[in-house]
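Going line by line, the protein sequences match chains A and B. Numbered by the working numbering, the letters in the first sequence go through residues 1 to 327 in order. Numbered by the working numbering, the letters in the second sequence go through residues 1001 to 1327 in order. Here is the structure we will look at, set down as structure tokens.
2 protein chains.
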Amino acid sequence: MSPTSRTTPAVPCPPEEVRRVACVGAGVIGGGWVAHFLARGYEVTAFDPGPDAEVRLRRLVDAAWPALTELGLAPGADRDRLTVTATLAEAVADAQFVQESAPESLELKRDLLAQLDAATPPGVVVASSTSGYPMTDMQTTAADPGRLVVGHPFNPPYLIPLVEVVGGEDTRAEAVAWTSRFYEVAGKSVITMDREVPGFIANRLQEALWREALHMVAAGEASVEDIDASITEGPGLRWAFMGPCLTFALAGGEGGMAHMLDHFGPSLKSPWTRLEAPELDEALRDAMVDGCEREAGARDHAALVAERDRGVIAVLRATGRLPGGQS
Amino acid sequence: MSPTSRTTPAVPCPPEEVRRVACVGAGVIGGGWVAHFLARGYEVTAFDPGPDAEVRLRRLVDAAWPALTELGLAPGADRDRLTVTATLAEAVADAQFVQESAPESLELKRDLLAQLDAATPPGVVVASSTSGYPMTDMQTTAADPGRLVVGHPFNPPYLIPLVEVVGGEDTRAEAVAWTSRFYEVAGKSVITMDREVPGFIANRLQEALWREALHMVAAGEASVEDIDASITEGPGLRWAFMGPCLTFALAGGEGGMAHMLDHFGPSLKSPWTRLEAPELDEALRDAMVDGCEREAGARDHAALVAERDRGVIAVLRATGRLPGGQS
């Protein structure tokens, strides 16, 4: 909490009452946000300084609309409720929520967020789609940094549910809570982080995998096609519905995560990736075991196995593949 | 090729004619292999020195059978075609293919593979389910190392299609080719590696993600539940059918992987994970771009986007989730 935050106005309307959303930056991510908010029935104003911005944006929304229609549009959802403005100020003038999706440059985002703060009605939350910059580093020049929040989506924002929400040191706690609630109302799946970590959670994880993939290609250890196939034919099938921790817990059999860690603990030190493994001390071991048990809840091993199997079969069916189909 | 390999007999029967498979080690992975081979119509002999091995194995097979039945059993598939033997020698005496799935210990696997080589009919391939040990390190004490191959599955082997196949320095090239073909006939999706890399491909990738996850939990940056949700609600939905490289190529918009690398190149150096990023030089950049173009083949950007969207929707449906369903 910054001292100034007490003097700034509260967030104007409850998340449930938001009707007008502004999207600044309308590339792949910003345009995806526009499509999502339109499909959820919001009135959307958009601004992007790029050439042909409106043409590209409407093309992106048109390309996404059949999928969104199939998923079921919210009452009143209409592509005609999109207004592309000539200036940033027009886009945010009446906005009840602002989503910033500019190119990934700290300098650029710092300046843009300060501009947005100056042009947006007092107290209205301005969320950044940054893929990894901490808000603390981006909010430094804004007059009211308290309303600036990270709302990190995944591509495409109109289909991938996850949004990671986290504030910076000067962000008001109410602004973070409001943003998380707003995204939920807008149909997203929200993880609210109580501390800033560069890359947040999902990007740190997928980035670790991505960096190892880049190293493997650079070293001639695997082709791009091998890397992609190794995920889609392997772990990726499980990750669509069961995360890496619970998945590995099942690899421990009835002994679960505890057995898995005790069994694979030694090979955790093997040179299996360029990322060094952490020391698997009691505290970490227990944290993993307890977390998996919390996640499993009432589901015992047999129930989790059955759930995983049903999930893999459903995913294989849904994506037109069935193992053993060939023979 | 080792000098000895010329004097050893050729692989006895074509992959298509294999009827009898031996599985040595019948835990989660070995038992999963047993279930897979039974479902594909093979006669399976299994040996595991553990207490209650047969009870546990039959329980695992029974638990998997409904899923395998739903997927469609091969002609003649029958749980009664499983014979659990009292000794390792009995299990492999008449085997036309042997799958070793012992605990992950280099010493143990080295000794076991030598024993299997001594007890298995000449030339019959013995494949190891090792999660990451190079065969070169495991085949050192076998009389005929030429028939020893890595056949690394994913859990559960009866549902996840991927098997990574790679030989060691002393493995005969024909044995590697035979094994890859055999797994294909047996209904698996095969990646054949032409060089040994500890952890192979998929495990290096998921292990990099896993290690970052362990670091985050150890540092109190995220809970186990957050980590799992960040994947299942985010990147995991895409990875079930589109790998990380092609997925990131789409994040580059119409500019594809080239734009994505040029755009995110700088933040590739951000401290987004504990794994250092490689130097994104021209060679690596081009390798990634060319690989994605090869993978995309005739599919242009619009076609890939439509495919991804259909895939995500299918996966969301299949796993009982639809974004925006709440609002």
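For every residue, glycine included, the Cβ atom is placed at its ideal position computed from N, Cα and C. Bear in mind that the values here come from a model prediction, so they are computed numbers and not experimental data.
No Cβ of chain B is located within less than 8 Å of the beta carbon of Met135(A).
For the 8 Å CB-CB criterion, Val1217(B) and Met288(A) form a contact. Proximity of Met1138(B) to chain A, defined by a Cβ-Cβ separation below 8 Å, is not satisfied. Phe1047(B) sits in a strand when the DSSP states are folded into three classes. Between the beta-carbon of Val165(A) and that of Val190(A) there is about 6 Å, and that keeps the pair under the 8 Å contact cut.
For Pro12(A), same chain residues with a beta-carbon under 8 Å away, outside a window of 5 residues either side, are Gln96, Pro121, Pro122, Gly123 and Val124 in chain order. Around the beta carbon of Asp117(A), 16 or more other beta carbons sit within 10 angstroms, so the residue counts as buried. Our two residues, Val1028(B) and Ala1063(B), have alpha carbons roughly 12 Å apart in a direct line. Any Cβ of chain A closer than 8 Å to the Cβ of Arg1317(B) would place that residue at the interface, and such an atom is present. Listed along chain A, the residues sitting closer than 8 Å to Trp1210(B) by beta-carbon distance are Pro244 and Phe248.
Neighbours of Asp94(A) across chain B, judged by C-beta separation under 9 Å, do not exist; the nearest C-beta is about 21 Å away. According to the DSSP assignment, Gly256(A) belongs to the alpha helix (DSSP H) that extends over Gly256 to Phe264. Your pair Ala67(A) and Ile1313(B) checks out as a contact, with CB atoms roughly 6 Å apart and the cut at 8 Å.
Taking the Cβ atoms as the reference, Val1084(B) lies roughly 16 Å from Ala1119(B), outside the contact range of under 8 Å. The segment 1029-1049 of chain B and the segment 1205-1215 of chain B do not touch, with fewer than three beta-carbon pairs separated by less than 8 Å.
For Glu1164(B), the uninterrupted beta strand (DSSP E) segment begins and ends at Leu1162 to Gly1167.
Within the segment 1099-1150 of chain B, the complete alpha helix (DSSP H) segments at least 4 residues long are 1106-1119 and 1135-1138, listed from N- to C-terminus.
Burial state of Val55(A) is exposed, judged by a 10 Å Cβ sphere holding fewer than 16 other Cβ atoms. DSSP, reduced to helix, strand and coil, places Leu1082(B) within a strand of the structure shown. Taking 8 Å as the threshold, the shortest C-beta distance from Arg110(A) to chain B does not fall below it. Looking from the CA of Arg1238(B), the closest CA among Ala89(A), Asn155(A) and Asp194(A) belongs to Asn155(A). If you draw a straight line from the Cα of Glu1017(B) to the Cα of Ala1035(B), it is about 19 Å long. The beta carbons of Ala1177(B) and Arg1147(B) sit no closer together than 8 Å. Here the segment 252-259 of chain A makes no contact with the segment 1191-1211 of chain B; the two share fewer than three CB pairs at distances below 8 Å.
Among the residues of chain A, none has a CB under 8 Å from the CB of Pro1049(B); the nearest is roughly 16 Å distant.
Residue pairing for Ser1230(B): DSSP places it in no beta bridge. Between Glu54(A) and chain B, the shortest Cβ-Cβ separation is not below 8 Å.
Beta-bridge partners assigned by DSSP to Thr192(A): Val165(A).
Pairing Pro1145(B) with Gly1132(B), the inter-Cα distance amounts to about 18 Å.
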